[in-house]
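Data block below; observations after.
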Amino acid sequence: MDITDFYDTFFEEAEELLGDMERHLLELDVEDPDDEQLNAIFRAAHSIKGGAGTFGFDVLQHTTHLLENLLDHTRQGELPLRRDIVDTFLEAKDMLHDQLNAYRNGEEPDPEAFDRICKTLQQLALDEMGKSVDGGEAPTLAPTTSATEPENESAPNTASATVAKESGEAAADDESREAPSAEAASLTVTLLGVDGENRNLLTEELDQLGDILAQAGDDDRYEVTLSTTASAADIEAVMCFIVDDDQVEIRQSSGPVTADQPVSETSSDDQERAAADEAPAHDTQATRQTTQPTEEAAASDKGKAKTKAKSSESSSIRVPVDKVDQIINLVGELIITQSMLDQTVSELDDVNNSSLNSGVSLLQRNARDLQEAVMSIRMVPMDYVFSRFPRLVRDLAAKLDKDIELVTQGESTELDKSLTERIIDPLTHLVRNSLDHGIETPDKREAAGKSRAGQLTLSAQHQGGNILIEVIDDGAGLSRDKILAKAQANGVPASENMSDDDVWQLIFDPGFSTADQVSDVSGRGVGMDVVKRNIQAMGGHVEIQSETGVGTTTRIVLPLTLAILDGMSIKVGNEIFILPLDAVLESLQPRDEDLYAMAGDDILMKVRDEYLPVIAVNEVMDVPKAQTNLTDCIAVIVQGEGRRYALLVDELLGQQQVVVKNLETNYRKVPGVSAATILGDGSVALILDITGMHRLSRTKKEARQLQQGATNQPVPFKEVDES
Amino acid sequence: MTTLDSASTAAVEAHSQEFLVFSLGEEEYAIDILKVQEIRGYENVTRIANAPDFIKGVTNLRGVIVPIVDLRIKFHLDKVEYGGQTVVIVVNVGERIVGIVVDGVSDVMTLTSDQIKPAPEFGVTLSSDFLSGLGSLEDRMLVIVDIDKLLTSEEMALVESVKE
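Given below as structure tokens:
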């Protein structure tokens with residue numbers, strides 16, 4: 004095991020910290036910033052810096068260091084916030100994100116960008132701080148260390164950072180930062196239950212922070228006495244990327260001691276955040292790494308703080324998705340075994356086996372509960388999706404010169420993780436559209452008697468087995484005439500007497516382009532049809548409601564999970580297939596007079612004045628011993644990607660929920676089949692792909708014609724040659 | 002005596018490999034035992050349409066959908082019957098799990114490197130690319146199949162080819 008094994012942990016944590024930072028920055032009220040939020044932003048930067056230092060990501064460390072110093076001044080009230088300063092911070096945050104990604108991909112971050120952001124931050128420091136700290140270091144130090152200032156640890160920070168900035172070197176290194184507390188303290192770091200390799204790693208780290216005076220112990224308890232100028236919190240910040248924080252104990256040993264060397268026992272980001280989530284009140288008590296220990300000490304209620312952290316320890320864990328999928332698979336197996344058992348028991352005599360019977364029914368209930376609980380593991384709150392919009396809306400609004408207020412509702416609504424990842428792009432597109440075309444400029448809004456600020460609402464809610472996601476704007480609404488005119492100009496069939504709903508659906512048409520509305524933000528050809536296709540690929544659909552002058556609502560309906568599908572089981576010959584229920588419109592028995600042959604091979608069926616192509620499942624899937632008499636079959640009318648056709652099957656078996664299993668894991672993609680599932684008897688059934696079936700049927704027919712053509716064609720050719 | 006025994010075993014192990022021997026008709030084949038996950042009966046296979054005939058379909062292996070390949074059809078054996086003796090050897094090929102249908106599994110054998118002869122270059126149905134050698138064992142000949150290469154080869158159509 005070497006230090007690179009911890010990279011992933013660091014990257015994930017840093018990513019979350021950056022997310023937090025962005026969220027807080029966006030929520031920040033420039034006029035009257037909340038101390039807590041400033042602290043939270045500062046702590047995020049500080050934690051990232053600590054980790055970056057440990058892993059030797061110099062560029063990242065340097066950038067966070069600059070940002071952290073600035074944030075510290077803001078926190079102390081020395082740097083009055085302005086909107087453009089927040090923008091600079093956000094820009095720096097984006098840069099940190101880029102750097103993080105570069106490191107994650109094993110590359111060095113772009114040095115040019117790094118240079119630029121350093122200059123920007125240093126310039127900001129010079130411009131803003133040059134005046135406000137004219138008094139020199141001593142005066143600044145005095146007020147900050149006064150009793151009213153809760154964060155002892157930050158006092159030296161400020162002082163040193165100020166010194167550094169005044170001399171034009173905002174990029175002072177860590178040592179000078181800690182300089183005011185310069186007298187080296189002797190700390191005893193105790194490692195509990197840390198094995199040899201990690202121990203060596205940690206001692207190396209400690210050696211860099213100061214001079215190791217003594218080290219001794221075994222795997223269970225290993226003590227390192229260290230003479231260092233770094234604070235206990237800093238040491239812990241470095242170490243918590245390698246071991247759990249409860250494995251580390253830091254205390255002062257006899258020797259020179261500075262006033263602000265706190266004793267710390269806890270502080271891992273996850274825990275702290277969890278603690279903060281659990282009890283927002285504690286948030287004000289401050290959390291992450293650096294500040295917490297001091298404050299704990301200040302509160303002189305360490306025992307209490309410790310229990311708080313302990314109790315939150317179990318509130319969340321990070322688990323790889325494949326582990327969860329494995330559990331889901333196993334539970335699926337259990338359900339199948341259970342239903343087989345159920346079947347067997349139901350054939351037994353009730354009287355003599357009543358205890359077995361009741362046991363089996365209990366098992367059934369437990370198994371279902373278990374399945375439900377396990378499926379819920381994959382669910383994540385919509386907040387995961389919504390949280391990326393405040394930034395987008397803020398940036399776009401600035402770009403478009405519009406005043407927009409973003410409201411999110413139902414952030415806690417849960418959705419399958421794989422779906423949340425795929426919904427982001429379509430949703431982003433819709434939001435961009437709303438901001439660009441939907442909501443008017445402040446002047447126009449005022450003229451229309453609306454408030455200058457437009458409102459964009461993102462909401463999510465459960466509705467049966469579906470989730471309903473809405474993008475609502477209070478803008479101008481869609482223009483019916485414009486859409487109709489454009490549709491007709493583009494050769495899309497449209498007429499004046501179409502209903503509003505049908506007209507709105509037109510904008511999802513691939514032929515519908517918003518060419519005259521091209522702007523920097525949207526309307527560049529990535530049309531709404533892509534949005535619609537993406538959502539349909541997820542098994543959902545999208546609809547629009549719009550009222551001129553009042554606004555537009557785009558509603559996305561998605562199934563809660565991709566892992567389970569509502570299916571209709573059908574039988575062809577001796578084989579069972581599953582049709583996705585949402586593609587099935589109706590089923591009926593074809594009558595002879597409704598069937599028409601076309602061009603020999605093709606058959607059409609007349610259903611309520613509509614001629615639908617007929618595709619026989621047994622032909623496409625080569626099923627032997629299937630019903631060949633068309634009128635004895637059952638026609639299932641299905642719809643996929645806007646195409647409607649009739650599928651001929653032998654028998655309908657019923658509706659059931661099936662667990663979707665990927666065929667490509669061990670095999671390959673099969674034409675006409677989207678996935679597979681396991682039936683109650685343990686056998687595998689294929690789930691038919693409605694659009695794929697249509698395509699497959701055509702290719703098969705073409706292949707057949709080609710074959711026939713190959714045998715027929717030589718004759719006419721010969722004739723031509725001879726003549 | 003004991004020490005001598007264990008010493009000689011160790012020496013053999015250093016140059017030998019264990020193989021699972023199975024039969025296809027009258028012929029005996031062997032594959033590296035480390036590739037074998039399990040052996041089970043042939044049952045409940047769901048046919049896949051428009052696939053080559055030697056791909057019998059897919060089956061449910063404790064919640065995992067696994068393709069089943071009949072090597073007897075692939076190797077053009079005359080007699081292909083499915084009975085109580087018909088077994089499926091479930092092998093791990095790379096990240097994938099594949100079941101192969103054979104007439105029977107006979108035993109596990111340890112072959113030393115000098116018992117493995119190079120395969121002659123003449124196979125048409127079974128190209129020598131897919132053979133790691135021929136194992137000679139007294140009067141028996143074992144065809145040692147490189148199951149990795151065979152199952153991931155394009156002609157097995159088990160794996161999506163690159164151009165698709």
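Order-wise, the sequence lines are chains A and B. Okay, so the first sequence: first residue is 4 according to our numbering, each after it adds one. Okay, so the second sequence: first residue is 2 according to our numbering, each after it adds one. Built from N, CA and C at the ideal position, the CB exists for glycine as well. Since we're looking at a predicted model, the values are computed, not measured.
The beta carbon of residue 53/B does not come within 9 Å of any beta carbon belonging to chain A, so the residue lies off that interface. Taking 9 Å as the threshold, the shortest C-beta distance from residue 158/B to chain A falls below it. Annotation: the continuous alpha helix (DSSP H) that includes residue 95/A extends over 86-107. Interface with chain B (9 Å Cβ-Cβ cutoff): residue 52/A is excluded. Nearest C-alpha to residue 381/A among 343/A, 631/A, 320/A and 407/A: 320/A.
Under DSSP, the beta-bridge partners assigned to residue 580/A are 573/A and 689/A. Counting along the chain, no beta strand (DSSP E) covers residue 116/B, and no H or E run does either.
The closest CA to that of residue 39/B, considering only 102/B, 75/B and 113/B, is found on 102/B. Three or more Cβ pairs closer than 8 Å define a contact, and the stretch 613-626 of chain A falls short of that threshold against the stretch 663-672 of chain A.
Across the set 16/B, 18/B and 22/B, the C-alpha of 22/B shows the shortest separation from the C-alpha of residue 104/B. In this structure, the alpha-carbon of residue 420/A lies about 28 Å from that of residue 685/A. Annotated as proximal: residue 437/A and residue 459/A, with beta-carbon spacing under 9 Å.
In terms of beta-carbon proximity, residue 462/A stays away from the interface with chain B, with every pair separated by 9 Å or more. With contacts defined as CB atoms closer than 9 Å, residue 86/A and residue 33/A qualify as a contacting pair.
Taking C-beta atoms under 8 Å as the contact rule, residue 388/A and residue 430/A qualify, at a distance of about 7 Å.
In this structure, the straight-line span from the alpha carbon of residue 495/A to that of residue 455/A is close to 36 Å.
Listed as beta-bridge partners of residue 408/A by DSSP are 458/A. Residue 631/A does not reach chain B, its nearest Cβ partner there being about 17 Å away, counting only Cβ pairs nearer than 9 Å. The three-state secondary structure of residue 378/A, taken from DSSP, is helix. In this structure, the CA atom of residue 110/A is about 21 Å from the CA atom of residue 20/A. Per DSSP, reduced to three states, the secondary structure at residue 393/A is helical. DSSP places residue 342/A inside the alpha helix (DSSP H), whose first and last residues are 324-349. Counting of Cβ neighbours within 10 angstroms places residue 653/A among the buried residues, the total reaching 16 or more.
In this structure, 119/A is the residue among 119/A, 193/A, 91/A and 89/A with its C-alpha nearest to the C-alpha of residue 62/A. Neighbours of residue 45/B across chain A, judged by C-beta separation under 9 Å: 684, 685, 686 and 687. Taking a C-beta cut-off of 8 Å against chain B, the contacting residues of the stretch 643-675 of chain A are 664, 665, 666, 667, 668, 669, 670, 671, 672, 673, 674 and 675, listed in chain order. Following the DSSP letters along the chain, one finds residue 50/A inside the alpha helix (DSSP H) bounded by residues 38-58. 61, 63, 64, 65, 66, 67 and 68: these are the residues of the stretch 61-75 of chain B whose beta carbon lies less than 8 Å from some beta carbon of chain A, given in chain order. DSSP places residue 30/A in the uninterrupted alpha helix (DSSP H) bounded by 10-30.
Residue 585/A and residue 643/A have their C-alpha atoms roughly 9 Å apart. Residues of chain B with a Cβ closer than 7 Å to the Cβ of residue 612/A do not exist; the shortest Cβ-Cβ separation is about 33 Å. Runs of alpha helix (DSSP H) with 4 or more residues, each lying fully within the stretch 584-650 of chain A, are found at 620-623, listed in chain order. The secondary-structure analysis by DSSP pairs residue 680/A across a beta bridge with 688/A.
The Cβ neighbour count for residue 599/A, taken over all protein chains shown within 10 Å, is under 16; the residue is labelled exposed. Pairing residue 533/A with residue 511/A, the inter-Cα distance amounts to about 8 Å. At a cut-off of 9 Å between C-beta atoms, residue 50/B counts as an interface residue with respect to chain A.
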